[in-house]
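>
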Amino acid sequence: MHEDQGDDSARHTEQLSALTLLMYQAAQDPERWAEMTALLREAAIPFEDDRLYQQPNRRRRMLDALVPHVEQALRLGEQMERTRETRDLAVATLERLPIGIAVVDAQLNIITLNRIAAGALSDSEVLSNHQGRLRINNRRQHQALHEALARCLEQGSHHALPLTEPATGVTVSLLVCPSRTVDMEDPERPAATLFISHSNLDNLVDETLLGDLYDLTPAESKVAKGLVSGHTLDRIADDAQVAPATVRAQLKSVFRKTDTGRQAELVSVILSGLAPLAPRPAERAPAARPEPPLDLPALDSTGGGQLTTRDGRALRFHQYGNADGTPVIFFHSVRGSRLEVPGGADILHELNLRLIVPDRAGYGLSDPLKDRSIDDLVSDLELLTEHLGIDRFHLLGYSLGGFLALHCAGRLGDRVQRLGLVSALGPTHLSGDADPMRGLFRMVVGVADRAPDLMENVLNLVARGLIKNPDKHLRRFVTFTSPADAPVFAQQRHRDAYVKAVKEAYRNGCQGFVEDLRAVARAPEPDAASLTMPVFLWHGERDGQVPVAQALAVDQWLPNSRLTLEPDGGHFFVYDRWRAILTRFTEPL
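Residue numbers (UniProt numbering): 1 to 589.
Set out below in structure tokens:
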């Protein structure tokens, strides 16, 4: 083995070790998958370097070493996700209990607490949250709490400590109980639960829920809540600014509706029922507002639609613009769906265009299709145009959707009037720097073709992180994968459009993405002679995902193409250049 090959081998071994570590870290924090992608680019040289490209066994050994770690990282990620869900469920349950609850460790460090407990620690003069530790503002009583906590953790015993607010005389009671808690960093960490109760119960019950449970009027609910809070009838009357006789009459009605006869019995019935479990007014979310309409105006007649394919699948699509406008069929990216209209749909009316965006099989609401090929895409496209009564149309593809659009256009001949390719992946037969199957993409396609279920699980994990926190995902994605696109996503309307399309794309998982990758791996070499229609190419010179060399090579390969380069454009420049791109489909040739 040559010395330089030995150096390469050592370097790749080091990169794979770093990659494996990051993979396990990404399993715990899905937002780190963008960072891992950046490292994958460096580790993918055996799939890119011409000298090593001649060694398929080496690439196979790399996948053999990598795939088990991916599987293990995914299992770890799923276990961590279940742990997080269990913890979140426990915290949500604590929030519903009508008492303050704080979980602490042996040093009174606060592990978690519900809102009632947080409010009690904030408002109380005797209890406080001191830099993340629970503290009693009385040295003797604080020492007594420490002793009770130690006995609780050692013996599993319960201990009660009554406290009194010095200024108001309000009684605060602490009950210290042994507890088991879900702590992801230290599952064996000893913990105790402190139940915090006090005599000020003003916010313990919800008036609306009282009315729903016992068919009380709003005024009767106020009376019942006032009694639970320990107020007299005279105070309730003063607060409501009504006569005491009115309150007494309302109380009689409450007795009748709750089947009680005394105030103490009424309070007992309410506190032992469901009323204390409702959100307190301060916690209750504001009334939900209708979601504003997506900034993608629909057709004048109808927007969405569905058809059934010849093999029985549901194929969903959406239309934008003018119902009688020039038809343009748009192949969305792997992060898109029928909701992906990058620059909005307002311009479509002005240009008299009818944009038709189908969900490819496995995306959005379209049923998946295992092992689908270019032939399957062509069949779906023919069925869609037949369903819509369209004979000839323009075809526009973005990113990997451009690769698929180019192959479909070669099969459909003169039915495609013009073909547009934006930031598009080029045909796999191109060589050198223009080869789309170099480096990282060759590795990803290799894993997808070798282990599609595994790749789908990886992408599902990434999608969960995106959907859970889209802003955080976009920040990491731009930082590690696509820095040239930072100005695009600095605009809120573009961020919103991207997130809406990608959430819809993966609503049922990422099988569509995986099958797109596998279709790329199996796509035959297209015939340039069959692409006689005008072809318009747009590409960003700073595209970090599909190198500009691919657009240059495609432009040289095609007989009738026109290339527009965006000097500062990244992969998502289409969001800012949407009008100029669509205008090409309206200009005379």
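C-beta atoms are modelled at their ideal positions from N, C-alpha and C, and glycine is treated no differently. As the structure is a prediction and not an experimental result, all values here were calculated from the model.
1) What are the residues that DSSP puts in a beta bridge with F195?
2) Would you decide whether T308 is buried or exposed? Buried here means 16 or more other CB atoms lie within 10 Å of its CB.
3) Three or more beta-carbon pairs under 8 Å between the stretch 329-339 and the stretch 502-509, yes or no?
4) Of all the options I116, G569 and R464, which has the alpha carbon lying nearest to the alpha carbon of G544?
5) Using three-state DSSP, classify L201 as helix, strand or coil.
6) Any chance you could list the alpha helix (DSSP H) runs of at least 4 consecutive residues sitting entirely within the stretch 349-377, in chain order?
7) How would you label Q511, buried or exposed, when you count the other beta carbons within 10 angstroms and need 16 or more for buried?
8) Looking at D391: is its Cβ nearer than 8 Å to the Cβ of R415?
9) Would you mind stating whether G156 and P190 have Cβ atoms separated by less than 8 Å?
10) Quick one: give me the first and last residue of the beta strand (DSSP E) that F393 is part of.
11) Run the CB neighbour count on P327, radius 10 Å, all protein chains shown included, and call it buried at 16 or more, exposed below.
12) My guess is that I136 and L145 are in contact by the Cβ rule of under 8 Å, so how many angstroms apart are they, rounded?
13) Using a Cβ-Cβ cutoff of less than 6 Å, which residues in the same chain neighbour R411 once the five nearest sequence positions on both sides are dropped?
14) To the nearest angstrom, how far is the alpha carbon of P281 from that of G305?
15) Which whole-angstrom value is the C-beta distance of R575 and V499, which I expect to be below 8 Å?
16) In the stretch 455-519, which residue ranges form an unbroken alpha helix (DSSP H) of at least 4 residues, counting only runs that do not cross its ends?
17) Assign A319 to buried or exposed, taking buried as 16 or more other Cβ atoms, counted over all protein chains shown, within 10 Å of its Cβ.
18) What are the start and end residues of the beta strand (DSSP E) that includes E566?
19) Let me know the secondary structure DSSP gives V574 once reduced to three states.
20) Would D239 be called buried (16 or more neighbouring beta carbons within 10 Å of its own) or exposed?
21) Would you kindly work out how many angstroms separate the C-alpha atoms of L400 and D516, rounded to a whole number?
22) So, helix, strand or coil for S337, using DSSP?
23) What first and last residue would you give for the beta strand (DSSP E) that runs through F331?
24) Consult DSSP for Q131 and reduce its assignment to one of helix, strand or coil.
25) To the nearest angstrom, how far is it from the Cα of Q250 to the Cα of I101?
According to the structure data:
1) Here residue 195 is taken as the residue at index 195 of the sequence shown, counted from 1. According to DSSP, which records beta bridges pairwise, F195 is partnered with I101 and L175.
2) Residue numbering aside, residue 308 sits at position 308 when the sequence shown is read from its first letter. Looking at its Cβ environment, which holds fewer than 16 other Cβ atoms inside 10 Å, T308 is exposed.
3) Here the stretch 329-339 lies against the stretch 502-509, with 3 or more beta-carbon pairs under 8 Å apart.
4) Reading the sequence shown from its first residue, position 544 is the one you call residue 544. Of the candidates I116, G569 and R464, G569 places its Cα closest to the Cα of G544.
5) Start at 1 with the first residue of the sequence shown, and residue 201 comes out as number 201. Confidence at L201 is low in this model, with a pLDDT of 47, below 50, so its placement is unreliable and the value that follows should be read with caution. In this structure, L201 counts as coil in the three-state DSSP scheme.
6) The stretch 349-377 contains no whole alpha helix (DSSP H) run of 4 or more residues.
7) Start at 1 with the first residue of the sequence shown, and residue 511 comes out as number 511. With 16 or more other Cβ atoms within 10 Å, it is buried.
8) Position 391 of the sequence shown, counting from 1, holds the residue named residue 391. Position 415 of the sequence shown, counting from 1, holds the residue named residue 415. Contact flag set, yes.
9) As a position in the sequence shown, residue 156 is number 156, starting the count at 1. As a position in the sequence shown, residue 190 is number 190, starting the count at 1. For G156 and P190, no; Cβs fall outside 8 Å.
10) Residue numbering aside, residue 393 sits at position 393 when the sequence shown is read from its first letter. For F393, the uninterrupted beta strand (DSSP E) run begins and ends at F393 to Y398, by DSSP.
11) Position 327 of the sequence shown holds residue 327. Here P327 is buried. Its C-beta has 16 or more other C-beta atoms within 10 Å.
12) Taking the sequence shown and counting its residues from 1, one reaches residue 136 at position 136. Taking the sequence shown and counting its residues from 1, one reaches residue 145 at position 145. For I136 against L145, the beta-carbon gap comes to about 6 Å, under 8 Å, which counts as contact.
13) Numbered from its first residue, the sequence shown carries residue 411 at position 411. These residues qualify, in order along the chain: V378.
14) On the sequence shown, residue 281 is found 281 positions in, with the first residue counted as 1. On the sequence shown, residue 305 is found 305 positions in, with the first residue counted as 1. For P281, the predicted model reports a pLDDT of 45, less than 50, meaning its position is unreliable; a value from the coordinates is still stated below. The alpha-carbon atoms of P281 and G305 are separated by roughly 43 Å.
15) For the purposes of this step, residue 575 is taken as the residue at position 575 of the sequence shown. For the purposes of this step, residue 499 is taken as the residue at position 499 of the sequence shown. Per the sequence shown, residue 575 should be read as Tyr rather than Arg. That pair is no contact at about 12 Å.
16) List check, alpha helix (DSSP H) in window: 470-480, 486-489 and 492-505.
17) As a position in the sequence shown, residue 319 is number 319, starting the count at 1. It should be pointed out that residue 319 corresponds to Gln in this sequence rather than to Ala. Counting Cβ neighbours within 10 Å, Q319 comes out buried, since at least 16 surround it.
18) On the sequence shown, position 566 is the one that residue 566 refers to. DSSP places E566 inside the beta strand (DSSP E), whose first and last residues are S561 to E566.
19) In the sequence shown, residue 574 corresponds to position 574, counting from 1. Of the three classes helix, strand and coil, the one that applies to V574 here is helix, per DSSP.
20) Here residue 239 refers to the residue found at position 239 of the sequence shown. When all chains shown are included, D239 counts as exposed.
21) Sequence index remark: in the sequence shown, residue 400 carries index 400 (1-based). Sequence index remark: in the sequence shown, residue 516 carries index 516 (1-based). A direct Cα-Cα distance of roughly 8 Å separates L400 from D516.
22) Here residue 337 corresponds to residue number 337 of the sequence shown, with the count starting at 1. Per DSSP, reduced to three states, the secondary structure at S337 is coil, with no helix or strand assignment.
23) Here residue 331 refers to the residue found at position 331 of the sequence shown. Run containing F331: T326 to F331, per the beta strand (DSSP E) assignment.
24) The residue you call residue 131 lines up with position 131 of the sequence shown. Q131 falls in the coil class under three-state DSSP.
25) Along the sequence shown, one-based indexing puts residue 250 at 250. Along the sequence shown, one-based indexing puts residue 101 at 101. Inter-residue distance for Q250 and I101 is about 35 Å (C-alpha atoms, whole angstroms).
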